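Colleague: If you use my numbering, the sequence shown corresponds to residues 1 to 433, in order.
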Amino acid sequence: MKKQVYIGMTADVMHPGLINIIEQGSKYGDVIIGLLTDKAIGEYKRLPYLNYEQRESVVKNIKGVVKVVPQNDWNYVPNLLEYKPDFMLHGDDWANGTQKQFRDLAFQAMNEIGGEVIEIPYTKGLNSSDFIESIKSIGTTPEIRLKTLKRLINSKPIVRILESHSGLTGLIVEKTVVEKAGKKIEFDGMWSSSLTDSTSKGKPDIEAVDITTRMHGLTDILECTTKPIIYDGDTGGKIEHFEFTVRTLERNGISAVIIEDKVGLKKNSLFGTSVPQTQDTIEGFSNKIRAGKHAQITEDFMIIARIESLILGKSVNDALERARAYVIAGADGVMIHSKEKSGEEIIQFCKHFRAEDKTTPIIVVPSTYNHIKEDEFIDLGVNIVIYANHLLRASYPAMFNVAKQILTDGRSLEASKDCMSIKDILELIPGTK
Ligand code: SPV
Ligand code: MG
Numbered sequence: 001m002k003k004q005v006y007i008g009m010t011a012d013v014m015h016p017g018l019i020n021i022i023e024q025g026s027k028y029g030d031v032i033i034g035l036l037t038d039k040a041i042g043e044y045k046r047l048p049y050l051n052y053e054q055r056e057s058v059v060k061n062i063k064g065v066v067k068v069v070p071q072n073d074w075n076y077v078p079n080l081l082e083y084k085p086d087f088m089l090h091g092d093d094w095a096n097g098t099q100k101q102f103r104d105l106a107f108q109a110m111n112e113i114g115g116e117v118i119e120i121p122y123t124k125g126l127n128s129s130d131f132i133e134s135i136k137s138i139g140t141t142p143e144i145r146l147k148t149l150k151r152l153i154n155s156k157p158i159v160r161i162l163e164s165h166s167g168l169t170g171l172i173v174e175k176t177v178v179e180k181a182g183k184k185i186e187f188d189g190m191w192s193s194s195l196t197d198s199t200s201k202g203k204p205d206i207e208a209v210d211i212t213t214r215m216h217g218l219t220d221i222l223e224c225t226t227k228p229i230i231y232d233g234d235t236g237g238k239i240e241h242f243e244f245t246v247r248t249l250e251r252n253g254i255s256a257v258i259i260e261d262k263v264g265l266k267k268n269s270l271f272g273t274s275v276p277q278t279q280d281t282i283e284g285f286s287n288k289i290r291a292g293k294h295a296q297i298t299e300d301f302m303i304i305a306r307i308e309s310l311i312l313g314k315s316v317n318d319a320l321e322r323a324r325a326y327v328i329a330g331a332d333g334v335m336i337h338s339k340e341k342s343g344e345e346i347i348q349f350c351k352h353f354r355a356e357d358k359t360t361p362i363i364v365v366p367s368t369y370n371h372i373k374e375d376e377f378i379d380l381g382v383n384i385v386i387y388a389n390h391l392l393r394a395s396y397p398a399m400f401n402v403a404k405q406i407l408t409d410g411r412s413l414e415a416s417k418d419c420m421s422i423k424d425i426l427e428l429i430p431g432t433k
């Protein structure tokens, strides 16, 4: 029997370096490609541009590849133990950094099954990450961006979204990364908040900034980012208008709209019962969801129903009853909102809803119950966490203090320590020179 050779890869961008590894592998026997699934990749870095099926269809047609199998973990060991190859091939660029732990484990496993690890000199200048960087600088298309949110929900334990209200804040969401235990942690997408869109225009959050104006702002974000966007659709307005909103958003590559079950003059939810706010009937809001779903053109656009029961002092049971009805009406997810500090009602809602509905995505906005960590939300079955207003709230005090400081001192010298340097601002955006 021919010897078996295992090669794990993402294969998002096919380049000569990968072809070289496959070619080298086929000298040792039949090449099995362990193709990393979106789930495996999503745990350590950004999702690949192509989904699993697309990547599989490319790889299985490469000369020398005999079989493609899914690799569900960044760690090679489960597949090595399952397929027991005679050889495993890898580029020699895994000896340091995050990958080292997986190299050590792979060596151990191959030793156990009596196989051999062969390291191929890594092709200089041909690194997938470099290609990904160049693709990012070209940008994305509305269609690819739109679909990404569903892919993320299906492949990540929780999708992490941060508010953005300008090109610059979009870039912060796009590019900020921290490394924790070898994993690259970043935001998965942007929240286009009605509160921060209104506030940054000096207007109250009462649907006074219309969709056309908000789309102008969103265009700035769309131009300099590639991550998916969730749009805060307020009440969705009149049903007839909502149908147009859905199509406008889809056309621009927005992944989802969240509409709240309120009627009349909308007030920000965080006012709670201190201002008059009226909830829609279940029937009325279900009709709006149905009309939106009917209006949408793509398969992947999501209409998420936001339940305001807890904001309006009603019970968790009322929220659950509405959630069930909205899902039946076609909602692709439910956002449960609360301004209570403890988060107890949110926890109760998630527990009950998840017990009876295993799949409909749950979205939470922990602005007030902000002590709860993402891991706890994962355990509660939450799929998306939205940090809904933080970049605006961070920037306002910084700007206000600098303005006051200049007035106080009659010059800007003292305020400069709180400002980014002129050099840094000139270099912040590529292409300024
Ligand atoms: C927003 O960010 O505009 C929201 C969330 O709708 S909240 O402000 O909490 O109502
Ligand atoms: Mg809002």
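Don't be surprised by glycine CBs; every beta carbon is placed ideally from N, CA and C. Source: prediction; values computed, not measured.
Reducing DSSP to helix, strand and coil, say where residue 315 ends up.
Modeller: If DSSP states are grouped into helix, strand and coil, residue 315 belongs with coil.
Colleague: Going by CA-CA distance only, name the one from 324, 322 and 303 that's closest to residue 146.
Modeller: Nearest option by C-alpha distance: 303.
Colleague: Under the criterion of a Cβ to heavy atom distance below 8 angstroms, does residue 268 qualify as lining the ligand GDP?
Modeller: Looking at this structure, you won't find the ligand GDP anywhere; what it does contain is the ligand SPV and the ligand MG.
Colleague: Give the secondary structure of residue 388 by DSSP, where H, G and I count as helix, E and B as strand, and everything else as coil.
Modeller: Three-state DSSP puts residue 388 in coil, outside helix and strand.
Colleague: Measuring CB atoms only, is the segment 285-299 touching the segment 224-239, in the sense that at least three cross pairs come out at less than 8 angstroms?
Modeller: These segments touch.
Colleague: Which residue marks the beginning of the beta strand (DSSP E) containing residue 68, and which one marks its end?
Modeller: Per DSSP, residue 68 belongs to the beta strand (DSSP E) from 65-71.
Colleague: Does the structure place the segment 61-81 close enough to the segment 96-109 that three or more beta carbon pairs sit under 8 angstroms?
Modeller: Because the criterion of three Cβ pairs below 8 angstroms is met, the segment 96-109 and the segment 61-81 touch.
Colleague: What separation, rounded to the nearest whole angstrom, lies between the Cα atoms of residue 43 and residue 72?
Modeller: Roughly 10 angstroms between the two C-alpha positions.
Colleague: Quick check: is any heavy atom of the ligand MG less than 8 angstroms from the C-beta of residue 195?
Modeller: The answer is yes for residue 195.
Colleague: Quick one: is residue 54 buried, meaning 16 or more other Cβ sit within 10 Å of its Cβ, or exposed?
Modeller: Exposed, because fewer than 16 other Cβ atoms sit within 10 Å of the Cβ of residue 54.
Colleague: Over what stretch of residues does the alpha helix (DSSP H) that includes residue 59 continue unbroken?
Modeller: Here the alpha helix (DSSP H) through residue 59 covers 52-59.
Colleague: Going straight from the alpha carbon of residue 89 to that of residue 225, what length do you get?
Modeller: Near 36 angstroms, if we compare the C-alpha coordinates of residue 225 and residue 89.
Colleague: What number of angstroms, rounded off, separates the C-alpha of residue 392 from the C-alpha of residue 162?
Modeller: Cα to Cα, residue 392 sits roughly 11 angstroms from residue 162.
Colleague: In this structure, does DSSP put residue 94 in helix, strand or coil?
Modeller: In this structure, residue 94 counts as helix in the three-state DSSP scheme.
Colleague: Do residue 148 and residue 189 come within 9 angstroms of each other at the CB atom, strictly closer than that value?
Modeller: Contact flag set, yes.
Colleague: With a floor of 3 residues, list each beta strand (DSSP E) that falls wholly inside the segment 259-325, ordered by position along the chain.
Modeller: Qualifying beta strand (DSSP E) stretches, in chain order: 302-307.
Colleague: Note down, one range per segment and in chain order, each beta strand (DSSP E) of at least 3 residues found wholly within the segment 202-242.
Modeller: For the segment 202-242, whole beta strand (DSSP E) runs of length 3 or above, ordered along the chain, are 229-232.
Colleague: DSSP has residue 247 in a bridge; who is on the other side?
Modeller: None, per the DSSP bridge assignment.
Colleague: Looking at residue 296: is its Cβ nearer than 9 angstroms to the Cβ of residue 250?
Modeller: Cβ distance < 9 angstroms, so residue 296 and residue 250 count as in contact.
Colleague: CB of residue 205 to nearest heavy atom of the ligand MG: below 8 angstroms?
Modeller: Indeed, a heavy atom of the ligand MG lies less than 8 angstroms from the Cβ.
Colleague: So if DSSP puts residue 427 in a beta bridge, which residue, or which two residues, is it bridged to?
Modeller: Answer is none; residue 427 lacks a bridge partner.
Colleague: Assign residue 183 to one of three DSSP states: helix, strand, or coil.
Modeller: Residue 183: strand per DSSP, three-state reduction.
Colleague: Between the beta-carbon of residue 5 and the beta-carbon of residue 86, is there less than 9 angstroms?
Modeller: Yes.
Colleague: Across which residues does DSSP place residue 6 in a beta bridge pair?
Modeller: 32 and 88.
Colleague: How many Å lie between residue 277 and residue 306 at the Cα?
Modeller: Rounded to the nearest angstrom, the two C-alpha atoms are 15 angstroms apart.
Colleague: Is residue 81 buried or exposed, if buried means 16 or more other CB atoms sit within 10 Å of its CB?
Modeller: So residue 81 ends up on the exposed side.
Colleague: Assuming residue 345 and residue 316 form a contact by the criterion Cβ under 8 angstroms, report the distance between their Cβ atoms to the nearest whole angstrom.
Modeller: Their Cβ separation, rounded to whole angstroms, is 5 angstroms, which keeps residue 345 and residue 316 in contact under 8 angstroms.
Colleague: If you measure from the CB of residue 163, is any heavy atom of the ligand SPV nearer than 8 angstroms?
Modeller: Correct: residue 163 has its Cβ closer than 8 angstroms to the ligand SPV.
Colleague: Identify, in the order they occur along the chain, each residue of the same chain with its Cβ nearer than 8 angstroms to the Cβ of residue 69, setting aside the five sequence neighbours on each side.
Modeller: Hits under 8 angstroms: 32, 33, 34, 35, 79 and 83.
Colleague: Residues in the same chain with beta-carbon distance under 7 angstroms from residue 312, minus the five sequence neighbours each way, listed in chain order, please.
Modeller: Contacts found: 273, 277 and 279.
Colleague: Please classify residue 46: does DSSP put it in a helix, a strand, or coil?
Modeller: In the structure shown, residue 46 sits in coil (DSSP, three-state: anything other than H, G, I, E or B).
Colleague: Measuring only from the beta carbon, is residue 232 closer than 8 angstroms to any heavy atom that is part of the ligand MG?
Modeller: Flag set: Cβ of residue 232 near the ligand MG.
Colleague: Using beta-carbon positions only, say whether residue 64 and residue 115 come within less than 9 angstroms of one another.
Modeller: No, the pair does not count as a contact, with Cβ atoms beyond the cut-off.
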